[in-house]
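The structure appears below as structure tokens.
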Amino acid sequence: GELFPGFGIERFGYRIVYSEFGKYDTFPTDVNWFTASKGDAEDITALEYFGDRLLIFKSRTLHIWNVASGEPQNWVPERTVQFGGVTYQHSIASTPYGIAWANLNGCYFYDGQQVSDLTEGKIRDSQNSYHGANIPPNWEDFTQSSTYEVRPMVIYSPKEKQLYIMRDPAGGSNTNRCFIYNFLTRSWVF
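Using my numbering, the first residue of the sequence shown is number 20, and each one after it goes up by one.
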């Protein structure tokens, strides 16, 4: 943790704090916490829950914890996904099938068992010289905003059973374009 000057508040960017059973929004300061991962110089950016798994997103890394036990001391880290992190909460969407998120490296999906890259083999990772101008952008160019920040917005539409990945919710050039993933056909359209 680090101390904010003048505020007397300690900040723990790697700590998950939880309330006691039946005592919502009550967080004792000296108990009821665990360290998601320490020493990686990344703060937690978002949390999601699917089934009995807690997805702990950091800017570069995703940690998946098994929290099936009613006893917190039995919660265990199950998997770490390098380059699976996000910077913004709006880059994640919860679906009935699992959790979806997008970052510079692809659009990912966790179904409670495994993490899949939905873009793998379907959307080009980067531009090659032989690609023409009338084709959809590669994933890297698509996800970078006009200021080279990566902040895609992921939206799930239950009626259509589709994911919409918008380039940048903050505006800028080409923000009205998106990639659409269809869960029924497992295909992409731009």
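Don't be surprised by glycine CBs; every beta carbon is placed ideally from N, CA and C.
Residues of the same chain with a CB within less than 6 Å of the CB of F69, apart from the 5 flanking positions on each side, are G117, I118 and G131 in chain order.
About 6 Å separates the Cβ atoms of L137 and Y200, confirming a contact at the 8 Å cut-off. Sequence-distant partners of S135 (beyond 5 residues in either direction) whose C-beta falls short of 6 Å from its own C-beta, in its chain, are F128.
Cβ neighbours of T204 within its own chain (closer than 8 Å, five residues either side excluded): none. Scanning the region 77-151 for uninterrupted beta strand (DSSP E) segments of 3 residues or longer gives 80-85, 95-101, 111-113, 118-122, 125-129 and 134-136, listed from N- to C-terminal end. Minimum Cα-Cα distance from T80 among the listed residues V105, L66 and W94 corresponds to V105.
Pairing S78 with T64 gives a Cβ-Cβ distance under 8 Å. The DSSP-derived three-state label of E67 is strand. Within the model, the alpha-carbon separation for W207 versus W94 is close to 36 Å. The criterion of a C-beta distance shorter than 8 Å is not satisfied by A87 and I184. Note on geometry: alpha-carbon atoms of I154 and S113 lie some 30 Å from one another. When rounded, the separation of the alpha-carbon atoms in E67 and Q92 is 20 Å. Closest in alpha carbon position to I111, among K180, N195 and M172, is M172.
Within the DSSP secondary-structure output, L73 pairs in a beta bridge with Y68 and W84. A distance of 8 Å or more separates the beta carbons of P188 and H82. Here Y43 is exposed, its C-beta having fewer than 16 other C-beta atoms within 10 Å.
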